[in-house]
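Chemist: Chains as they are written, first to last, in our numbering: chain A, 17 to 180; chain B, 21 to 268.
The C-beta atom is built at its ideal place from N, Cα and C for all residues, glycine as well.
Predicted, not measured: the structure shown is a model, and the values here were computed from it.
Structure provided below as structure tokens; questions to follow.
See below:
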């Protein structure tokens, strides 16, 4: 049952990565690796959060790193820069629920501005959700780009083909 | 002179279709090497200034080119980077490079209807990842179709893109608010319905640019991305205002 949960999480992560990638018109040869990294990244974060009880920010950083290293490794056989593969693969990990709660609590705060107890509750909700959203997005970006900076000579020559 | 203009156009095209600044500079310098030019570049948020020296004749040309607002294309990113390497490695002539460039730039984008379908499915599976049930997934899928179709429809008519984002976010969230009629995970449906609009590419490129020291273009990319996110929030807020008493 645990295995099924992980696999289905990975499957939906892959579909989401393909769909969000398609908006930005990637080369057709990149889709298989976008799907693979989207699945691995999201399933990894799911495992860390569900079974090892890691918080969402650290789990996102680890998944971001995995996606970043994966894109550096898989970019070479298909001659694609790392960004082409890792940006679509990161998108399924955007913390949409927290982003939505931030906006929702902002509106509720403004609607209940004359009721101190509700006002305080929504203020607190706004800041905690906003904090999670911004931290997670930032850590995802840092995690995925870090391998690119460490191995910069490899990441600069991914699109170089071997000519005879 | 033709060749100088071409190098400038190459740089502006790369910058316009969503590539981080250091790669644009690297690729353009490499293309310059292939044509036996020495290229120096300053990149700003709306224009690029190039100073190009022809190594044979020692002539110096200066070129300022505006960055066009192109749709983001990873295919152009991969293929045009590859072209700059190919030009150096195979010592292509200017005519060959120009012909390959024109072929890459004029290649058709992915079929719009296929993209629409994939985006709908992607947003539905996104809903699933946040814990939505099958009914909310279905509603989100339909809402995303409508929202993304609106976006394509308005983009084809060249309407201001902030307005496009507000309207598409409103339509997608409004349609997914039908989930409130059923006994389902309606808040998750509402939350995921607008996520297909998130400008992921400028967000990540902005972070990369800032870390690599191209702070000016990095901040301008992030500013653009945040404005678009605010527009998504405005579109979603219209829907939430209408349904606040049912959501609490």
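Got a sec? Which residues, its chain only, sit under 6 Å from residue 234(B) by beta carbon, not counting five neighbours each side?
Modeler: Sequence index remark: in the second chain, residue 234(B) carries index 214 (1-based). So the list reads 41, once near-sequence residues are dropped.
Chemist: Nearest by alpha-carbon distance to residue 164(A): which of 153(A), 21(A), 129(A) and 102(A) is it?
Modeler: For the purposes of this step, residue 164(A) is taken as residue 148 along the first chain, with counting starting at 1. Checking every option, the nearest Cα to that of residue 164(A) belongs to 102(A).
Chemist: With which residues is residue 67(B) paired in a DSSP beta bridge?
Modeler: Walking along the second chain from the start, residue 67(B) turns up at place 47. For residue 67(B), which the question treats as bridged, DSSP gives the partners 86(B).
Chemist: Less than 7 Å between C-beta atoms, sequence neighbours within five positions excluded: which residues of the same chain meet that for residue 139(A)?
Modeler: Counting from 1 along the first chain, the entry for residue 139(A) is found at position 123. So the qualifying residues of the chain are 125.
Chemist: Just checking: is the beta-carbon of residue 57(A) within a distance shorter than 8 Å of some beta-carbon in chain B?
Modeler: The count along the first chain starts at 1 and reaches residue 57(A) at position 41. Taking Cβ atoms only, chain B never reaches closer than 8 Å to residue 57(A), which makes this a no.
Chemist: If you reduce the DSSP assignment to three classes, tell me which class residue 59(B) lands in.
Modeler: What you label residue 59(B) is simply residue 39 of the second chain in a count that begins at 1. Residue 59(B) falls in the strand class under three-state DSSP.
Chemist: Give the residues of chain A in contact with residue 221(B), contact being defined as C-beta atoms less than 7 Å apart.
Modeler: As a first step, residue 221(B) must be located in the second chain, where it is residue number 201. Per Cβ cutoff of 7 Å: 40 and 103.
Chemist: I'd like to check one pair, residue 38(A) with residue 54(A): are the Cβ atoms closer than 8 Å?
Modeler: For the purposes of this step, residue 54(A) is taken as the residue at position 38 of the first chain. For the purposes of this step, residue 38(A) is taken as the residue at position 22 of the first chain. For residue 54(A) and residue 38(A), no; Cβs fall outside 8 Å.
Chemist: Tell me which residues share the same chain as residue 112(B) and place their Cβ nearer than 7 Å to its Cβ, disregarding the 5 neighbours each side in the sequence.
Modeler: As a working note, residue 112(B) is residue 92 in the second chain. Closer than 7 Å at Cβ, skipping near neighbours: 54 and 106.
Chemist: Can you tell me the Cβ-Cβ gap for residue 238(B) and residue 205(B), rounded? I've got them flagged as a contact below 8 Å.
Modeler: On the second chain, residue 238(B) is found 218 positions in, with the first residue counted as 1. On the second chain, residue 205(B) is found 185 positions in, with the first residue counted as 1. The pair is not a contact, with the Cβ atoms about 37 Å apart (cut-off 8 Å).
Chemist: Select from 263(B), 185(B), 240(B) and 163(B) the residue whose C-alpha is nearest the C-alpha of residue 212(B).
Modeler: Sequence index remark: in the second chain, residue 212(B) carries index 192 (1-based). With distances taken between Cα atoms, residue 212(B) lies closest to 163(B).
Chemist: Helix, strand or coil for residue 123(A)? Go by DSSP, reduced to three states.
Modeler: By one-based count along the first chain, residue 123(A) stands at place 107. Looking at residue 123(A) - three-state DSSP - the assignment turns out to be helix.
Chemist: Hey, how far is the Cα of residue 81(A) from the Cα of residue 75(B)?
Modeler: Your numbering for residue 81(A) matches position 65 in the first chain. Your numbering for residue 75(B) matches position 55 in the second chain. Roughly 43 Å between the two C-alpha positions.
Chemist: Anyone know if the C-beta pair for residue 223(B) and residue 245(B) falls short of 8 Å?
Modeler: For the purposes of this step, residue 223(B) is taken as residue 203 along the second chain, with counting starting at 1. For the purposes of this step, residue 245(B) is taken as residue 225 along the second chain, with counting starting at 1. Contact: yes.
Chemist: Looking at chain B, which residues of the stretch 57 to 78 of chain A have a Cβ within less than 9 Å of any of its Cβ atoms?
Modeler: Under the 9 Å Cβ criterion, the stretch 57 to 78 of chain A contributes 58 and 62.
Chemist: So is residue 109(B) in contact with chain A if we call contact Cβ pairs under 8 Å?
Modeler: Counted from its first residue, the second chain places residue 109(B) at position 89. At least one chain A Cβ lies under 8 Å of residue 109(B).
Chemist: Please identify the residue among 67(B), 64(B), 47(B) and 66(B) whose C-alpha is closest to the C-alpha of residue 58(B).
Modeler: Along the second chain, read from residue 1 onward, the residue named residue 58(B) stands at position 38. With distances taken between Cα atoms, residue 58(B) lies closest to 47(B).
Chemist: I'd like the list of long-range same chain contacts for residue 171(A), defined as Cβ closer than 7 Å, with 5 residues on each side in sequence excluded.
Modeler: Working through the first chain from its first residue, we reach residue 171(A) at position 155. Only 88, 98 and 164 meet the Cβ criterion.
Chemist: Check whether the Cβ atoms of residue 185(B) and residue 217(B) lie closer than 8 Å to each other.
Modeler: To locate residue 185(B), count along the second chain from 1; it is residue 165. To locate residue 217(B), count along the second chain from 1; it is residue 197. Closer than 8 Å, so yes.
Chemist: So the candidates are 73(B), 84(B) and 34(B); which of them puts its Cα closest to the Cα of residue 101(B)?
Modeler: Counting from one through the second chain, the residue named residue 101(B) turns up at place 81. The option with the nearest alpha carbon to residue 101(B) is 34(B).
Chemist: Tell me whether residue 92(A) sits in a helix, a strand or coil according to DSSP, three-state version.
Modeler: Taking the first residue of the first chain as position 1, residue 92(A) is located at position 76. Three-state DSSP puts residue 92(A) in a helix.
Chemist: Do residue 103(B) and residue 117(B) have their C-beta atoms within less than 8 Å of each other?
Modeler: Looking up residue 103(B) in the second chain gives position 83. Looking up residue 117(B) in the second chain gives position 97. Closer than 8 Å, so yes.
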